[in-house]
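Residues in the sequence shown are numbered from 0 upward in steps of one, following numbering that gives the first Met the number 0. C-beta: ideal position from N, C-alpha, C; glycine also. Notes follow once the structure below has been shown.
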Amino acid sequence: MNIWKISIKNLRSKPFYTFLSIITLAFSITLLLGIQQLRGSFEYQIKNSLGDIDLVIGAKGSPLQLILASVLHIDNPTGNISFEEAKKLGKNQMVKLAVPISYGDNYKGYRIVGTKTSFYELYNAQLEKGRYTKTAMEVVIGASVANQLNLKIGDSFTSSHGLTENTIELHDEKLKVVGILKPTQKVIDRLITTNLETVWDVHNHEENREEKHKDELIDDTTHEHETHEVHEHHEKEITSLLITFKSPMALLTFPRKINKGSNMQAAIPKLELDRLYEFTNIGFTTITWIAYLILVISGITIFINLFKMVKERAFDLALLRTYGATNFQIIKMVFYEGLSIAIIAISLGVLFIKVGLYFLLKFTDLGTKYTMLHELEPQSILEIGVLVFTAVIVSIFLATYPILTINISTILRNEK
C-alpha cells in the first residue's frame, strides 16, 4: 500500500479545502519572512550607515531630520551652516575627525555630496577603479550608482538642482567620473561624492547667472559690479559636519555646548536612530502579530480539512484496518497530507516574498536609491520553519484523534 499516493489522492478530492489551507499558510509565511527580512535590513542599514560618526552638527531644526539627511541621506537638510564656524569646531582637542558635507544636487535621483577624502574613512570605503577627486567637477561614485546607471571611469554627466530627480533645473557644468568605490553594503554605495569646491562653484555660477540676468534687464553696470563683489566675498556654507571623537566622554559635554552656545545644533546619530527604530518597530511588531494570527487561522483550517477527511472517509479507513493497516499507517497517511500542505505553503511563501519584494523595490526605486535588502539569516528561516511545522503537527495530531477511537465493526455495520 503506497501511503503517499493515497494522501495525494485525498488532497485532490477536496481541492477547495486544500487550496484554502495552502494559501492561508503561505500568506502567513510570506508576512513572517517579509517582516523578518525588512526588519533585519533596516537594523543593518541603521547600524552600518553610522560608520564612525559620533555627532552631526547642522542648522537648527529637527535633530532626526538632520540625521536622516546627513547620515542616511533620505531626507532634506535642515539648512546650511558656516564653513568657517564648522572648521573651528573641528579643531577642538576632543575631536578626532571632522568631515564637512554639502549638497543640493542629484543625478537621476542619486545625491551628489561635496566633502573631503576623509569622508571615505568613516565607512572604510576603498577605490575599486580610478582615483579620488583632485579638482572641481570630478566625482567618485558608489558601487550601486555605477551598477544602476552603468557609469564608467571617464564618463561625464550633468547634475540637476535639488535632491529629487528632475530634468528641468539642469546645471550647465559637466561632472566627470574619476573613481568608483568597492561595494560596502553601506549608504556610501548609493552616493556620488565630489569635493566641496564643486558644489560651491556650481551654485555660485547659478547665483551669478541669475544676478547677471537681472542686471541685464535693468542695464545697470554699477549694480552689476557691486553684485559681483558681494559674491566674491560670499561666505562659504556646508550642510553639516560629521564628527568622530577621540573619546566617548566628549558626548557628555560637546553637544550641549553647541546647542546652547551657538546658532547650530548637535545631534547624536545613535540616539536619534534608536528612537526612529522604536517608532518603526511598533509597525513591525503589529504586522508580525497579524502574521501569527493568520498562522493560527491556517492551522485551524488545516485541522478542519484533515478532520473532515477522517470523518467523511471513516468507512474507507475502517476497510483499510480490516485489510491489515495499523493505526500508525493510517495516522501516517494523514500526517503526509499535512506535511504536503506545509511543504507547498512554505515554497509558495518563499516565492511570494521574493517576487513581491522584487516588484515593490523595482517599481518604487526603493531598492536602488534608498534601501538595500539583505538575505534572511538561515537562523530566522529555520525558526519560522519550526514554527510552521509545529502548527501543522498540532493540527494533524488533533485531526487524527478519531482514528485512535475508531470502532471498525460499528462503522462497517452502519455503512451496510
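Which same chain residues, not among the five before or five after residue i, have their C-beta less than 7 Å away from its C-beta?
| i | result |
| --- | --- |
| L148 | K107 |
If you draw a straight line from the C-alpha of residue i to the C-alpha of residue j, how long is it?
| i | j | result |
| --- | --- | --- |
| V295 | A390 | 7 Å |
| L241 | H160 | 23 Å |
| Q35 | Y357 | 16 Å |
| I383 | I392 | 14 Å |
| H222 | S101 | Residue confidence for H222 is low, a pLDDT of 42 falling below 50, so the modelled location carries little weight; the figure read from the coordinates is stated next. Taking the straight line joining both Cα atoms gives about 30 Å. |
| P14 | I301 | 13 Å |
| L292 | L386 | 13 Å |
| F351 | E234 | 54 Å |
| F18 | N304 | 10 Å |
| E42 | W288 | 19 Å |
| N146 | D51 | 26 Å |
| L32 | S246 | 40 Å |
| N105 | L251 | 36 Å |
| V139 | K185 | 15 Å |
| V67 | Y131 | According to the sequence displayed, residue 67 carries Leu and not Val. L67 and Y131: Cα-Cα distance of roughly 26 Å. |
| N207 | G282 | Only weak support exists for where N207 lies, its pLDDT of 49 falling under 50; the value from the coordinates is given anyway. Answer to the nearest angstrom: the Cα atoms are 48 Å apart. |
| Y109 | K4 | 56 Å |
| Y119 | V70 | 13 Å |
For residue i, collect the residues of the same chain with a Cβ closer than 8 Å to its Cβ; drop the 5 residues on either side in sequence, then sort them by chain order.
| i | result |
| --- | --- |
| Q264 | I56, G57, A58, K59, G60, P62, L65, T77, I257 and N258 |
Residues in the same chain with beta-carbon distance under 6 Å from residue i, minus the five sequence neighbours each way, listed in chain order, please.
| i | result |
| --- | --- |
| L49 | P268 |
| K46 | none |
| V112 | I100, Y102, L190 and T192 |
| P401 | V309 |
| E209 | Low per-residue confidence applies at E209: pLDDT is 47, beneath 50, and the placement is therefore not dependable enough to give any value. |
| A124 | L180, T183 and I187 |
Out of the options, which one is the CA nearest neighbour of residue i?
| i | options | result |
| --- | --- | --- |
| E127 | D273, D188 and S158 | D188 |
| A266 | W3, L32 and L54 | L54 |
| M93 | A25, L347 and A249 | A249 |
| T284 | K95, D171, N262 and L37 | L37 |
| S261 | A85, K95 and K8 | A85 |
| F327 | T29, K173, A124 and F396 | F396 |
| V333 | K353, I286 and F306 | F306 |
Less than 9 Å between the C-beta atoms of residue i and residue j, yes or no?
| i | j | result |
| --- | --- | --- |
| I340 | L10 | yes |
| K181 | E137 | no |
| V144 | I73 | no |
| T469 | N79 | Residue 469 is absent from the model: the chain starts at 0 and stops at 415. |
| I28 | L347 | yes |
| T399 | I299 | no |
| A135 | N75 | no |
| K173 | F156 | yes |
Starting from residue i, trace the alpha helix (DSSP H) both ways and give me its first and last residue.
| i | result |
| --- | --- |
| Y119 | S117 to E120 |
| A265 | Element bounds for A265: not the alpha helix (DSSP H) but the beta strand (DSSP E), M263 to A266. |
| S379 | P377 to A398 |
| V139 | V139 -> not in any alpha helix (DSSP H); beta strand (DSSP E) instead, spanning E137 to I140. |
What is the residue span of the beta strand (DSSP E) that residue i lies within?
| i | result |
| --- | --- |
| I111 | Y109 to T114 |
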